[in-house]
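Below is one structure, written out as structure tokens, with a few remarks after it.
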Amino acid sequence: MVVCGDDGLAHRLAAELRGVYGEQVTLVVPPSERAVRPPVVGRARAASALLDRMVSAAVGRAGGNGGAGAHGSGNGSGSGGDGRAGAAASGAADRVVEAAELTEAVLVDAGVERASALALVYDDDETNIRAALTVRRFNPRLRLVLRLYNRRLGQHIEELLDQAAALAIGDGSAPPGSAPSGGGALGGGDASTTVLSDADTAAPALAAGAVVGTSKVVQTEGLLLHAVERPPPAPGQVADPGLCTLALLSATSSDPAGADGSEVSGEQRPRLLPDAAAVREATGRGAVVLEQVSYAAGPPLPAGRGVGVVPPLTSLFSRRLRWSVAGLVACVFALAVALWLVTGVRPLGALYLTLLDLFAIDDPAIGESVGRQLLQLLSGLVGLLLLPVLLAAVLEALGTFRTASTLRKPPRGLGGHVVLLGLGKIGTRVLTRLRELQVPVVCVESDPDARGLATARRLRVPVVLGDVTQEGVLESAKIHRAHALLAVTSADTTNLEAVLYARSVRPDLRVVLRLYDDDFATAVYRTLRAAHPRALTRSRSVTHLAAPAFAGAMFGRQILGAIPVERRVLLFASVDVGGHPQLEGRTVAEAFRPGYWRVLALEAGSRGAAAGGGS
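Residues 311 to 925 (my numbering) are what the sequence shown spells out, left to right.
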């Protein structure tokens, strides 16, 4: 397999293919001096050094917190760097080709004519498209995986490349040295084109980290599932099986001196996809169970896109204004009653005269018809409305009215929400995912022209414009009543500063932050765990979260994700029921084969099934 890229995703993908799937990988990257890396400025170095000192002091005081930090490097910061472009490429790939530009000669030198799959994961969409068109011309049987952010363009490119491959194979124009069509890891997928986005693939895990505190998630057809590791139940207690039990951990998993189990661990090895009898007999073993990601910490979310075009009055007017209007109406009726008692005028007449006085109409239509009197009242009301309309026109000309009317402010009394910091490429996708999960969100963005503001406007999500490092910005986002803080800006120090300030306001606040550098992420994670042992802390990397999806696509479109269970792996795939006698015509229970596969969900409107398999 061949991987071409210019950032950490290429190195991480190559390591995934080689380490998890055992594939031979050729990595094509720019020369070391031209590799795209975010600069580590002095402020970041100083922060990292300070955090290292804080770690030593905290561990020296707390003692046992060091174990939590070491464990956290596996769950949080250990997978937390966005991939280091300067990592030893020889450890991530069998062969490395350095090239400043991805030309046809470079692709031939990398062996794409004999490869089974090619991943183009450059940060620039145009580079990936140009290389894909070139490769498809001289090897139409090659399976392609492209990294594109533009969804609509990606759909068109995917259809175009698949059509070109079908025509070339049908005409027999494929070169004799091209890769044969032999089926992927789960059958089929050769000569296919898969377009993915690192933002789209990482968004579910980031959203799940903020909602439920884990990134072991699988997404399919709007359904978001996550794997939860449960400790062995206490004597007399029954463990919650969740939706189903995916695996039984090794018998030594709870032993501090034990090692992770593998296929060669004998009877003590972890057991993947056990049946109900095996789960009942496995006393003293932890389990990995499957649950659906849900959210119930905050109030119901208001209607989103396509629902409720006209917002409710409660979102248009504040409670103070509504009480003021109610008090004004009560005063009008009180004056009308007083006029009725004093003058003896009929009640409706007293109310009419009171309204005339309120509107300052000097020539009342007394003795005229009812229609004339109503028109006089409406004319006075329209005259009163003319002044705010003129004022609004002036404000719009100055640009103030536009901002006030398009960006919602956090409503009063909001709580249990997620504060999302950053509305760039990653933040926009995470925002969309959180709204699909019906999670209340408040966004914080410093750039008034950020790409995600249009999405926040369309989804009617409150946005606070301001620099999060300035005092009062997070307070405007109601951070003291929030469920979690999700910091996904491209600046490590900004994310760290926001998390530290939020923890000073709410020490028990759940935080998920995006960090690029692995060492920096480890220091941050250990320090936050030592300083706030009761609060959940997670550091995540976009490339580490996206790499498994890209690796799965290189084996065919069916693989949805992979979840590690100690030193074994559970693969999640979408399989067509037709043509598989083990599935076709059977119920979900009948299709279950312990240790090999299990049907987890059925896709509506299709003959496919989402299944899990062990390896």
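Backbone N, C-alpha and C define an ideal beta-carbon position, used for all residues, glycine too.
For residue j and residue i, believed in contact at Cβ under 8 Å, the rounded distance
i, j, result
"R581", "A588", "6 Å"
"A442", "L477", "Their Cβ separation, rounded to whole angstroms, is 16 Å, which puts A442 and L477 out of contact at 8 Å."
"A794", "A808", "Incorrect: roughly 12 Å between the Cβ atoms, too far for contact."
"R595", "L559", "6 Å"
"L926", "L741", "In the structure as shown, the chain starts at 311 and stops at 925, and residue 926 therefore has no counterpart that could be examined."
"F882", "L870", "4 Å"
"R745", "L763", "15 Å between Cβ atoms; not a contact."
"V416", "A409", "4 Å"
"R265", "A513", "Residue coverage of the chain in this structure runs from 311 to 925, which leaves residue 265 outside it and unanswerable."
"V815", "A787", "About 11 Å; that fails the 8 Å criterion."
"W690", "F669", "In the sequence under discussion, the amino acid at residue 690 is Gly, which differs from the Trp named in the question. 4 Å between Cβ atoms; contact."
"P904", "D585", "4 Å"
"T511", "A856", "4 Å"
"T664", "L684", "That pair is no contact at about 15 Å."
"V338", "G421", "With 8 Å as the limit, V338 and G421 do not qualify as a contact, their Cβ atoms being about 10 Å apart."
"A509", "A403", "Going by Cβ atoms, the distance from A509 to A403 rounds to 25 Å, so no, they are not a contact pair."
"R447", "L454", "Contact doesn't hold; Cβ gap of about 12 Å is too wide."
Cβ-based neighbour list, residue i, same chain, cut-off 8 Å, excluding 5 preceding and 5 following
i, result
"L458", "D435, N438, I439, G464, I467, V505, L506, S507"
"D777", "S756, V783"
"H842", "R813, P817, D818"
"A544", "none"
"N460", "D435"
"P774", "Position check: residue 774 holds Val in this sequence, whereas Pro was assumed. Excluding sequence neighbours, V774 sits near K719, P720, V752, C753, V754, E755, V783, S786, A787."
For residue i: DSSP bridge partner residues
i, result
"V754", "L731, V774"
"T504", "V455"
"R820", "A794"
"I439", "I439 pairs with nothing; no bridge assigned."
"T555", "V599"
"T336", "V312, R405"
"E539", "V598"
"R878", "V875"
"A429", "V313, V455"
"L769", "For L769, which the question treats as bridged, DSSP gives no partner whatsoever."
"R581", "L558"
"L412", "Looking at the DSSP assignment, L412 forms no beta bridge with any residue, so it has no partner."
Close beta carbons around residue i, own chain, < 7 Å, minus the five adjacent residues each side
i, result
"L666", "P674"
"L661", "A646"
"V898", "V909"
"S679", "none"
"R844", "D818"
Residue i, buried or exposed, once every other Cβ within 10 Å from all chains shown has been counted against 16
i, result
"H790", "exposed"
"W907", "buried"
"E900", "exposed"
"G677", "exposed"
"F865", "buried"
"Q748", "exposed"
"A520", "buried"
"R805", "Note that residue 805 is Asn in the sequence shown, not Arg. By the neighbour-count rule (16 or more Cβ atoms within 10 Å), N805 is buried."
"L846", "buried"
"P340", "buried"
"A569", "A caution first: A569 carries a pLDDT of 40, below 50, which makes its placement in the model unreliable, though a value can still be read off. So A569 counts as exposed."
"F860", "buried"
"T503", "buried"
"L583", "buried"
"E326", "buried"
"C314", "buried"
"G681", "exposed"
"L651", "exposed"
"V875", "buried"
"L456", "buried"
"V657", "Going by the sequence as given, residue 657 is Pro instead of Val. When all chains shown are included, P657 counts as exposed."
"Q473", "exposed"
"S884", "buried"
"Q780", "exposed"
"H635", "The sequence given here has Val at residue 635, not His. Classification of V635: exposed, given that the 10 Å Cβ count is below 16."
"A792", "buried"
"S342", "exposed"
"V431", "buried"
Cβ neighbours of residue i in the same chain (closer than 6 Å, five flanking residues each side left out)
i, result
"R253", "Examination of residue 253 is not possible in this model, given that the chain is present from 311 through 925 alone."
"A517", "V740, R743, L744"
"N385", "Confidence at N385 is low in this model, with a pLDDT of 37, below 50, so its placement is unreliable and no value can be given for it."
"L823", "A797, N805, V809, S849"
"A592", "L558"
| task | Tell me the start and end of each unbroken beta strand (DSSP E) in the segment 822-852 that is at least 3 residues and wholly inside, in chain order. | result | Contiguous beta strand (DSSP E) elements confined to the segment 822-852 occur at 847-850, taking only those with 3 or more residues.
| query | Can you give, in chain order, each stretch of the alpha helix (DSSP H) that sits fully within the segment 628-696 and has at least 4 residues? | reply | Here the runs fully enclosed are 629-653, 657-669.
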